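Going letter by letter, the sequence shown gives residues 44 to 638 in the numbering used here. From the three backbone atoms N, C-alpha and C, an ideal C-beta is built for every residue, glycine too. Since the structure is predicted, the reported quantities are computational estimates derived from the model, not experimental observations.
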Amino acid sequence: MGDLDKAEKYYRLFLDQILSSKLLFDNTYHHNEMIAMLFNDLALVYNARGNFELALKNYQHALDIYLSLEPMNPISNTAIYSNIGNVLIELGDYQKAFKMYNTALELRLLYSSIIQDEPGLAQIYNNIAVCYNQNGQYNRSIENFEKSINIKLKYLPSNHPSLGITYSNLSDLYRANGDYEMALKYCQQALDIHLLVLPKDHIDLATTYNAMANIYIDSGNSIKAKENYEKALEIILNQMLPPHQLLNTIYNNIANIYMNECHYELAIKYYKLALDKIDSSNLTNHAVIYNNLGEIYRKIGNYTEALINHKKALDIRMTLYPSLDHIDLAQSYHNVGIVFCDNGQYDTALDCFKSALDIKEKILNPNHSSIAKTYINMAEIYRKQWNYIESLKYNEKALKIEKQQSPLNNSDLATIYNNIGLTYLDENNFILAMENFQQSLDLKLKSSDSNDLSLSMTYINIATVYSEKSDYTSALAYLQRALNIKLQHLPPNHLEFGLLYNNIGAIYLKAQNFIDACESFKHALGIYLQNPLSNTSEIATIFSNIGALYQLNGEYKLAKENYENSLLYDLKSLPEDHPSIIQTKQQISLIDTLL
Numbered sequence: 044m045g046d047l048d049k050a051e052k053y054y055r056l057f058l059d060q061i062l063s064s065k066l067l068f069d070n071t072y073h074h075n076e077m078i079a080m081l082f083n084d085l086a087l088v089y090n091a092r093g094n095f096e097l098a099l100k101n102y103q104h105a106l107d108i109y110l111s112l113e114p115m116n117p118i119s120n121t122a123i124y125s126n127i128g129n130v131l132i133e134l135g136d137y138q139k140a141f142k143m144y145n146t147a148l149e150l151r152l153l154y155s156s157i158i159q160d161e162p163g164l165a166q167i168y169n170n171i172a173v174c175y176n177q178n179g180q181y182n183r184s185i186e187n188f189e190k191s192i193n194i195k196l197k198y199l200p201s202n203h204p205s206l207g208i209t210y211s212n213l214s215d216l217y218r219a220n221g222d223y224e225m226a227l228k229y230c231q232q233a234l235d236i237h238l239l240v241l242p243k244d245h246i247d248l249a250t251t252y253n254a255m256a257n258i259y260i261d262s263g264n265s266i267k268a269k270e271n272y273e274k275a276l277e278i279i280l281n282q283m284l285p286p287h288q289l290l291n292t293i294y295n296n297i298a299n300i301y302m303n304e305c306h307y308e309l310a311i312k313y314y315k316l317a318l319d320k321i322d323s324s325n326l327t328n329h330a331v332i333y334n335n336l337g338e339i340y341r342k343i344g345n346y347t348e349a350l351i352n353h354k355k356a357l358d359i360r361m362t363l364y365p366s367l368d369h370i371d372l373a374q375s376y377h378n379v380g381i382v383f384c385d386n387g388q389y390d391t392a393l394d395c396f397k398s399a400l401d402i403k404e405k406i407l408n409p410n411h412s413s414i415a416k417t418y419i420n421m422a423e424i425y426r427k428q429w430n431y432i433e434s435l436k437y438n439e440k441a442l443k444i445e446k447q448q449s450p451l452n453n454s455d456l457a458t459i460y461n462n463i464g465l466t467y468l469d470e471n472n473f474i475l476a477m478e479n480f481q482q483s484l485d486l487k488l489k490s491s492d493s494n495d496l497s498l499s500m501t502y503i504n505i506a507t508v509y510s511e512k513s514d515y516t517s518a519l520a521y522l523q524r525a526l527n528i529k530l531q532h533l534p535p536n537h538l539e540f541g542l543l544y545n546n547i548g549a550i551y552l553k554a555q556n557f558i559d560a561c562e563s564f565k566h567a568l569g570i571y572l573q574n575p576l577s578n579t580s581e582i583a584t585i586f587s588n589i590g591a592l593y594q595l596n597g598e599y600k601l602a603k604e605n606y607e608n609s610l611l612y613d614l615k616s617l618p619e620d621h622p623s624i625i626q627t628k629q630q631i632s633l634i635d636t637l638l
């Protein structure tokens with residue numbers, strides 16, 4: 044029989060004897076007080092076992108008896124209110140727990156001359172802070188954590204582990220509140236304590252390094268984030284115990300960094316490591332990682348692997364949410380739809396977006412920005428199908444929703460204006476295209492600095508309008524703006540430069556400046572071919588552009604050679620009936636008639 048079983052047996056036996064009057068006390072007060080104490084002790088046993096419902100029931104019996112006693116025992120009452128609050132926290136009822144802790148605090152402050160319990164008071168403030176945190180009231184939570192710390196500093200050494208825990212809690216709060224400077228300050232204080240009092244390979248150190256890395260991620264410092272993730276990783280990998288659950292989280296976080304840095308090979312490696320370390324029963328995390336892998340494969344143009352991984356995520360989420368009413372399921376339909384769209388399978392993509400929309404309309408407010416995002420995706424499909432009326436219709440639906448959000452600082456609103464501009468551009472309505480691109484640009488400039496990376500795509504689109512109007516000087520000027528911004532943010536061999544140099548080459552080609560066009564295309568091609576994870580469709584586009592250059596210059600043999608290279612790369616990732624492949628085959632046939 045375990046210790047908890049023995050404790051329950053003897054507490055229950057003692058209680059039964061008192062209730063049956065086999066044990067007598069000198070007065071009713073002491074009799075009832077002992078019954079209350081035994082109910083409290085039984086509750087502690089059930090709490091230790093994790094049987095919180097039974098613990099709550101016994102604490103409530105104890106409280107009812109304590110409240111009936113005259114005179115009241117403030118020490119016992121304060122303790123029982125705190126104990127009930129602790130159980131309610133375990134049951135997830137933070138609102139009722141908050142009331143219990145507040146009652147305990149009122150008693151503690153009212154009878155401060157009787158209750159000489161500084162650690163207990165510090166714990167009450169700590170628990171109230173936890174409740175405020177769960178309710179999203181971060182400032183009130185911070186205020187109570189700081190009260191707890193100030194009390195602890197009076198009776199504890201400055202390196203006591205209890206302070207480290209509270210510093211960690213405060214750090215988490217400041218991070219949630221977006222105050223990364225204060226979050227780092229308290230996280231460092233927690234780390235300093237852990238380094239002093241814990242062995243260098245203690246798992247709590249790994250947890251703190253991971254927390255610090257998360258703060259650096261949020262504040263945009265991926266280098267420092269990676270350093271701290273690697274410190275956490277080293278500690279966990281040196282553990283003699285089975286892999287800690289944090290291992291999967293850290294692998295996933297490192298992979299996220301590499302994905303954001305476009306180091307796709309390393310990102311894939313770490314996502315797969317994360318996948319290997321997840322508990323097989325943790326289907327939710329499996330779905331998240333398959334989703335991330337799908338996104339990487341899509342970015343590099345490997346649509347087959349992208350679809351495989353996104354479908355795995357979708358299948359898992361359909362198992363998790365059979366009632367089809369969870370936002371993660373909608374996200375999976377969206378991701379599968381994006382891959383089908385990239386693959387030129389527009390009808391199938393549209394079906395996926397409609398499935399995502401059906402779920403969102405069931406569970407979200409009709410003016411939720413996530414619904415607007417689905418409208419944006421559907422509008423883009425219709426644009427690619429040359430159904431410009433439907434494209435504009437769904438963009439207008441999205442626009443109506445986003446205008447109700449924060450119009451002066453809304454990246455989605457800027458995206459919609461950009462997409463409307465693309466639709467008008469496809470219709471050769473250059474005036475309305477430019478008008479919408481300009482609105483997109485104005486919104487971005489209001490919400491970011493003039494060198495923000497997101498501005499570069501808008502400059503590229505404006506350049507496209509000028510190019511279509513044969514104003515090649517203005518087009519090149521805007522592409523140069525885009526290039527200058529990217530050079531401030533990205534390494535010179537980044538894949539985005541490949542796309543941009545290709546666009547510059549296309550302008551030179553239209554202006555019949557074959558020398559500069561050829562130089563730009565080859566610069567773009569060199570960037571793509573150096574990266575083993577380059578998008579094969581984009582490589583195909585560059586070969587096609589070089590083919591067009593040689594065709595215009597009358598060098599048909601070289602033109603055919605480059606068109607064939609274009610076809611070769613497109614066939615690696617696209618179906619044979621894709622419009623791009625059909626067009627390239629037509630160009631090769633045309634060249635054959637000229638040779």
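For Y137, the enclosing alpha helix (DSSP H) has its first and last residue at Y137 to L153.
The closest CA to that of A122, considering only K243, P535, Y144 and M500, is found on Y144.
Between M302 and N345, the C-beta spacing is not below 8 Å. For E445, the enclosing alpha helix (DSSP H) covers residues Y431 to E445. Taking 8 Å as the cut-off, the beta carbon of I332 is found no closer than this to the beta carbon of N378.
With 16 or more neighbouring CB atoms inside 10 Å of its own CB, N438 falls in the buried class.
A Cβ-Cβ contact shorter than 8 Å links A147 with I167. In this structure, Y89 lies near A98, with their beta-carbon atoms less than 8 Å apart. Scanning L542, G597, A268 and R151 for the CA closest to the CA of H566 turns up L542. Contact between A268 and A249 is ruled out by a C-beta separation of about 15 Å, above the 8 Å threshold. The alpha helix (DSSP H) runs lying completely inside the region 462-505 and spanning 4 residues or more are 473-490, given in chain order. Boundaries of the alpha helix (DSSP H) around D107: F95 to S111. Separation of E619 and N182 (C-alpha to C-alpha, rounded to the nearest whole angstrom) is 59 Å. With fewer than 16 other beta carbons inside 10 angstroms of its own, A91 counts as exposed. D84 and Y54 do touch by the CB rule: their CB atoms are close to 5 Å apart, below 8 Å. Cα atoms of V130 and T209: separation of roughly 20 Å, rounded to the nearest angstrom.
Burial is judged here by how many other beta carbons sit within 10 angstroms of a residue's own beta carbon; E113 has fewer than 16 and is exposed.
Separation of G548 and S214 (C-alpha to C-alpha, rounded to the nearest whole angstrom) is 50 Å. Distance from L484 to T501 at the Cβ level is roughly 5 Å; contact confirmed, criterion being Cβ atoms closer than 8 Å.
Burial state of D59 is exposed, judged by a 10 Å Cβ sphere holding fewer than 16 other Cβ atoms. Taking each of K397, A219 and Y389 in turn and checking the Cα distance to Y376, the smallest one comes out for K397. Restricting attention to S517, K342, S323 and S434, the CA atom closest to the CA of A310 is found in K342.
Remark: C-beta atoms of Y137 and C174 approach each other more closely than 8 Å.
C-alpha of K615 to C-alpha of T579: approximately 7 Å in a straight line. The straight-line gap separating the alpha-carbon atoms of N212 and D247 is approximately 13 Å. Within the same chain, no residue comes within 7 Å of Q374 by CB-CB distance, once the 5 residues on both sides are set aside. If you draw a straight line from the Cα of L638 to the Cα of Q594, it comes to about 11 Å. Remark: C-beta atoms of A330 and Y340 do not approach each other more closely than 8 Å.
As for any alpha helix (DSSP H) of minimum length 4 sitting wholly inside the region 546-600, the runs are 557-573 and 579-595, ordered along the chain.
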